[in-house]
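Working notes for the structure below.
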Amino acid sequence: MEDTYRHKGMRKQLVSELASKGIQDTDVLEAIMAVPRHLFLDAVFTKQAYSNMAFQIGAGQTISHPYTVAFQTELLELVKGDKVLEIGTGSGFQTAILCELGAKVYSIERQRELYLKATQIIRKLGYTPKLRYGDGYKGWPTFGPFDKIIVTCGAPFIPEDLLKQMKVGGRMVIPLGAGKDQEMMLIVKEGEREFSQKKLGVFSFVPMLKETAK
Ligand code: SAH
Numbered sequence: 360m361e362d363t364y365r366h367k368g369m370r371k372q373l374v375s376e377l378a379s380k381g382i383q384d385t386d387v388l389e390a391i392m393a394v395p396r397h398l399f400l401d402a403v404f405t406k407q408a409y410s411n412m413a414f415q416i417g418a419g420q421t422i423s424h425p426y427t428v429a430f431q432t433e434l435l436e437l438v439k440g441d442k443v444l445e446i447g448t449g450s451g452f453q454t455a456i457l458c459e460l461g462a463k464v465y466s467i468e469r470q471r472e473l474y475l476k477a478t479q480i481i482r483k484l485g486y487t488p489k490l491r492y493g494d495g496y497k498g499w500p501t502f503g504p505f506d507k508i509i510v511t512c513g514a515p516f517i518p519e520d521l522l523k524q525m526k527v528g529g530r531m532v533i534p535l536g537a538g539k540d541q542e543m544m545l546i547v548k549e550g551e552r553e554f555s556q557k558k559l560g561v562f563s564f565v566p567m568l569k570e571t572a573k
């Protein structure tokens, strides 16, 4: 549980790399600078934690590339106090970034092992999102509607429940596609039943799976 000057130095380098790749939102870059990504990874990966790479986090899942985290977060256009729903807590790194940006975060993970691991590290770092073990297809109606929704697994289609749980004027960032690659979609809820959508490039995520794993 150490965050040394060396780690901070590596984060600084990562932040310049992300900026050179086109991430412009300084709040997002500051959040990446603030969150010790190496603590979300198994110790064997510590040395590479600040390269722009994805890693295994257990249960056959991966932590997203820092660039992907920054790209999706930038698209949300977060405002402090926004209520944000995240589908796919995974390692909890993206969750921590959202908290760092001042959002009220609700995050769902369908792998129990990951839910438990992420809960531990997130609490240790002092963040206070609401975390839940369950099926993200249904969203989290008790706490909706949300200002922003971020899906961090590849969705074969846009879940109806998530559209319902968006506020009018709200934004959802979701990688769409059933195969190996997905198209990053930005959905804006323009009216009660009116949505606009934009395609923002191809990414590769682990699949969004149906039903809660045992
Ligand atoms: N934001 C995470 C990404 C992890 S990968 C991070 O940066 O670490 C995507 C995660 O989505 C995996 O942990 C996977 O178990 C989870 N997932 C897949 N289908 C899901 C579903 N239907 N509901 C909730 N989580 C899901």
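According to the numbering used here, numbering within the sequence shown proceeds without interruption in unit steps and concludes at 573.
Every residue, glycine too, gets a C-beta built ideally from N, C-alpha and C.
Since the model is a prediction, treat every value here as computed from it, not as a measurement.
Near residue i, what residues of its chain come up, given a Cβ to Cβ distance below 6 Å and the 5 sequence neighbours on each side ignored?
i: residue 541; result: 513, 534, 535, 562, 564
Kindly examine ligand 1 and report whether one of its heavy atoms sits closer than 8 Å to the Cβ of residue i.
i: residue 569; result: yes
i: residue 465; result: no
i: residue 490; result: no
i: residue 423; result: yes
i: residue 446; result: yes
i: residue 496; result: yes
Taking the C-alpha atoms as reference points, what is the distance between residue i and residue j?
i: residue 425; j: residue 548; result: 27 Å
i: residue 473; j: residue 451; result: 9 Å
i: residue 484; j: residue 518; result: 32 Å
i: residue 376; j: residue 361; result: 23 Å
i: residue 520; j: residue 383; result: 32 Å
i: residue 486; j: residue 398; result: 14 Å
i: residue 423; j: residue 370; result: 16 Å
i: residue 437; j: residue 460; result: 7 Å
i: residue 499; j: residue 481; result: 20 Å
i: residue 573; j: residue 420; result: Confidence is the limiting factor: at residue 573 the pLDDT is only 45, short of 50, which leaves the residue's position unreliable and the question unanswerable from this model.
i: residue 434; j: residue 386; result: 12 Å
i: residue 571; j: residue 495; result: Bear in mind that the predicted position of residue 571 carries a pLDDT of just 48, short of 50, making it too unreliable to give a figure here.
i: residue 557; j: residue 545; result: 5 Å
Taking only three categories from DSSP, how would you classify residue i?
i: residue 450; result: coil
i: residue 569; result: coil
i: residue 552; result: coil
i: residue 459; result: helix
i: residue 365; result: helix
i: residue 469; result: coil
i: residue 517; result: coil
i: residue 484; result: coil
Closer than 7 Å by C-beta to residue i: which residues in its own chain qualify, once you throw out the five before and the five after it? Chain order, please.
i: residue 380; result: 426
Practice problem: Only counting runs of 3 or more residues, tell me where the beta strand (DSSP E) segments fall wholly within the segment 375 to 448, in order along the chain. | Solution: 414 to 417, 420 to 422, 442 to 446
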